[in-house]
Amino acid sequence: MKLGSLELASPFILSPMESVSDAAHRRLCWSLGAGFTWTEMIRARGLVRNNKSTIDLIDSFDGDVPTGVQLMVVNEVELEEALTNLDTLAASTHPHFKNLRAVDLNFGCPSPEVIKIGAGPALLKRKNKLRAIFEVLRAWKGRTSLPIGAVTAKIRLGLNRPEMDQKVYLPIVELANELLDGLTVHARHAREESSTPAHWEAIAEVKARATIPIIGNGDVMSLDSAQRLLQHCDGVMIARGAIRSPWIFRELTGRGSGQPTLAELDAAESEWRRRATELNSKPKFFEWHAEGFNRMRARLSGKPMTGADLPATEHMR
Ligand SMILES: Cc1cc2nc3c(=O)[nH]c(=O)nc-3n(C[C@H](O)[C@H](O)[C@H](O)COP(=O)(O)O)c2cc1C
Numbered sequence: 003m004k005l006g007s008l009e010l011a012s013p014f015i016l017s018p019m020e021s022v023s024d025a026a027h028r029r030l031c032w033s034l035g036a037g038f039t040w041t042e043m044i045r046a047r048g049l050v051r052n053n054k055s056t057i058d059l060i061d062s063f064d065g066d067v068p069t070g071v072q073l074m075v076v077n078e079v080e081l082e083e084a085l086t087n088l089d090t091l092a093a094s095t096h097p098h099f100k101n102l103r104a105v106d107l108n109f110g111c112p113s114p115e116v117i118k119i120g121a122g123p124a125l126l127k128r129k130n131k132l133r134a135i136f137e138v139l140r141a142w143k144g145r146t147s148l149p150i151g152a153v154t155a156k157i158r159l160g161l162n163r164p165e166m167d168q169k170v171y172l173p174i175v176e177l178a179n180e181l182l183d184g185l186t187v188h189a190r191h192a193r194e195e196s197s198t199p200a201h202w203e204a205i206a207e208v209k210a211r212a213t214i215p216i217i218g219n220g221d222v223m224s225l226d227s228a229q230r231l232l233q234h235c236d237g238v239m240i241a242r243g244a245i246r247s248p249w250i251f252r253e254l255t256g257r258g259s260g261q262p263t264l265a266e267l268d269a270a271e272s273e274w275r276r277r278a279t280e281l282n283s284k285p286k287f288f289e290w291h292a293e294g295f296n297r298m299r300a301r302l303s304g305k306p307m308t309g310a311d312l313p314a315t316e317h318m319r
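In this note's numbering, the protein residues as written are 3 to 319.
Here it is in structure tokens:
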């Protein structure tokens, strides 16, 4: 699959995931077949203010693993400042930023904090504002010294049911055709929980109007669901399926089982821990993945599990 000037080794993309997508986890998913990976959502305001804990999340040290940064912005001015600062940081004290290959904008985070400030899905129906934001991103792509191959956006179908019914997502496709290199569609509105089945028919509707690659997202948990969704779009983004088992990428790329053996799991965990320690991953990533590896181990060894088959802190953007 091609995204802008990036040639992806597979059309299966690891989602941006808060508290999950550190550099060590991205490498694990990439080594198993993910064609592209994203950092978790980064607040553009934190980047503008040189907030250290925000900047630490842009951890693209690893030149082998194709990685993009996902930003959450309130408006085009903030985006311009954030991108300018990214260039400055990449040129000076933070050489690890040099590996960023793409920038994505988040228009899907359902957090009330984000919606209250008019960001994320609150922007979906504001076509003029979106145009201004996309134009800033496009212009920056043309001048940055970073090796950016693609600029994209990840949208939901609307802030709520009425917006989804009005199909506010369709005019965004026209804008994206003109100004972006790809569009990811998380096929739910922002008030819907992960238990509501994703509306894949909307992905097909978007694809029918698109001249750029469309990445479908929502409910891909297996080879069968990935193949069915791929009939409607160019690539597939996977979040919970990769939490459940990063080996899903091995299954999707036809290289083996979607579940590791216990020996593979042990090796992957110690390699993950070694890298996360070396790269100074934040404690939240250690907490998440310790729980995640334990759940996988319990599942593989047939031990009874309590609660859902996903970490308890699961939330959706
Ligand atoms: C733990 C977790 C963290 C997430 N963080 C983000 C994020 O930072 N940015 C984003 O765009 N989506 C985020 N999402 C949403 C996913 O990217 C994806 O859109 C959603 O989970 C639907 O895909 P799935 O059915 O494959 O899980 C997150 C999801 C989960 C489960």
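For every residue, glycine included, the Cβ atom is placed at its ideal position computed from N, Cα and C.
Thinking C-beta only, is residue j closer than 8 Å to residue i?
{"i": "Thr322", "j": "Thr69", "result": "This structure leaves residue 322 out entirely; the chain is present only between 3 and 319."}
{"i": "Leu232", "j": "Ala189", "result": "no"}
{"i": "Gly151", "j": "Gly6", "result": "yes"}
{"i": "Ile157", "j": "Leu139", "result": "no"}
{"i": "Asn77", "j": "Lys143", "result": "no"}
{"i": "Ile205", "j": "Phe14", "result": "no"}
{"i": "Met3", "j": "Asp221", "result": "no"}
{"i": "Cys111", "j": "Met43", "result": "yes"}
{"i": "Leu81", "j": "Ala124", "result": "no"}
{"i": "His234", "j": "Trp274", "result": "no"}
{"i": "Leu16", "j": "Leu49", "result": "no"}
{"i": "Thr86", "j": "Ile60", "result": "no"}
I'd like to confirm something about residue i: is its beta-carbon nearer than 7 Å to some heavy atom of ligand 1, or not?
{"i": "Val22", "result": "yes"}
{"i": "Ile240", "result": "yes"}
{"i": "Asp221", "result": "yes"}
{"i": "Pro111", "result": "Per the sequence shown, the amino acid found at residue 111 is Cys instead of Pro. Yes, the Cβ of Cys111 comes within 7 Å of a heavy atom of ligand 1."}
{"i": "His188", "result": "yes"}
{"i": "Ile245", "result": "yes"}
{"i": "Pro13", "result": "no"}
{"i": "Glu108", "result": "Checking the displayed sequence, the identity of residue 108 turns out to be Asn instead of Glu. Yes, since a heavy atom of ligand 1 falls inside the 7 Å radius drawn around the Cβ of Asn108."}
{"i": "Gln2", "result": "Residue numbering for the chain in the displayed model covers 3 to 319; residue 2 lies beyond these limits and cannot be assessed."}
{"i": "Glu42", "result": "yes"}
{"i": "Ser55", "result": "no"}
{"i": "Ser17", "result": "yes"}
{"i": "Lys156", "result": "yes"}
{"i": "Ser94", "result": "no"}
{"i": "Ser196", "result": "yes"}
Using CA coordinates, which residue listed in the options is at the minimum distance from residue i?
{"i": "Phe288", "options": "Ile15, His27 and Lys209", "result": "His27"}
{"i": "Leu267", "options": "Thr213, Ser283 and Leu302", "result": "Leu302"}
{"i": "Ser62", "options": "Arg103, Ala212 and Asn179", "result": "Arg103"}
{"i": "Arg246", "options": "Trp290, Ala200 and Lys127", "result": "Trp290"}
{"i": "Arg297", "options": "Ala244, Thr279 and Ser283", "result": "Ala244"}
{"i": "Lys127", "options": "Ala92, Val170 and Val116", "result": "Val170"}
{"i": "Asn53", "options": "Ala84, Pro262 and Val76", "result": "Ala84"}
{"i": "Met74", "options": "Glu20, Trp249 and Lys286", "result": "Glu20"}
{"i": "Glu9", "options": "Ser147, Asp183 and Thr263", "result": "Asp183"}
{"i": "Ser147", "options": "Val22, Pro112, Lys118 and Phe99", "result": "Phe99"}
{"i": "Ala278", "options": "Ala46, Ala25, Gln229 and Gly258", "result": "Ala25"}
{"i": "Ala270", "options": "Ala292, Met43 and Val175", "result": "Ala292"}
{"i": "Phe295", "options": "Leu49, Ala141, Ser272 and Arg45", "result": "Ser272"}
{"i": "Ser12", "options": "Arg276, Ile250, Ser283 and Gln168", "result": "Ile250"}
{"i": "Gly122", "options": "Glu280, Gln229, Arg193 and Pro215", "result": "Arg193"}
{"i": "Ile174", "options": "Pro149, Glu207 and Gln261", "result": "Glu207"}
{"i": "Leu172", "options": "Ser196, Lys129 and Val153", "result": "Lys129"}
{"i": "Asp58", "options": "Ala300, Leu281 and Val238", "result": "Leu281"}
{"i": "Val79", "options": "Ala200, Pro114 and Ile135", "result": "Ile135"}
Report buried or exposed for residue i, applying the criterion of at least 16 other Cβ atoms within 10 angstroms of its Cβ.
{"i": "Leu30", "result": "buried"}
{"i": "Lys305", "result": "exposed"}
{"i": "Arg242", "result": "buried"}
{"i": "Pro18", "result": "buried"}
{"i": "Leu164", "result": "The sequence given here places Pro at residue 164; Leu does not occur at that position. Per the 10 Å Cβ criterion, exposed."}
{"i": "Asn108", "result": "buried"}
{"i": "Thr198", "result": "exposed"}
{"i": "His317", "result": "Bear in mind that the predicted position of His317 carries a pLDDT of just 47, short of 50, making it unreliable; the figure below should be weighed with that in mind. Result: exposed."}
{"i": "Ala93", "result": "exposed"}
{"i": "Pro285", "result": "exposed"}
{"i": "Gly120", "result": "exposed"}
{"i": "Ser23", "result": "buried"}
{"i": "Ala155", "result": "buried"}
{"i": "Ser55", "result": "exposed"}
{"i": "Pro248", "result": "buried"}
{"i": "Ala265", "result": "exposed"}
{"i": "Thr263", "result": "exposed"}
{"i": "Ala228", "result": "buried"}
{"i": "Pro215", "result": "buried"}
{"i": "Ala141", "result": "exposed"}
**Asked** Quick check: the segment 243-254 against the segment 29-46, are there 3 or more CB pairs under 8 Å?
**Response** Touching, yes, given that three or more Cβ pairs across the two stretches are closer than 8 Å.
**Message:** Does the contact criterion of 3 or more C-beta pairs under 8 Å hold for the segment 168-182 versus the segment 209-225?
**Reply:** Contact annotation: the segment 168-182 touches the segment 209-225, with at least three C-beta pairs closer than 8 Å.
**Request:** Spell out a yes or no on whether the segment 100-114 and the segment 70-88 are touching, meaning 3 or more CB-CB pairs, one atom from each, closer than 8 Å.
**Result:** Yes: at least three Cβ pairs fall under 8 Å.
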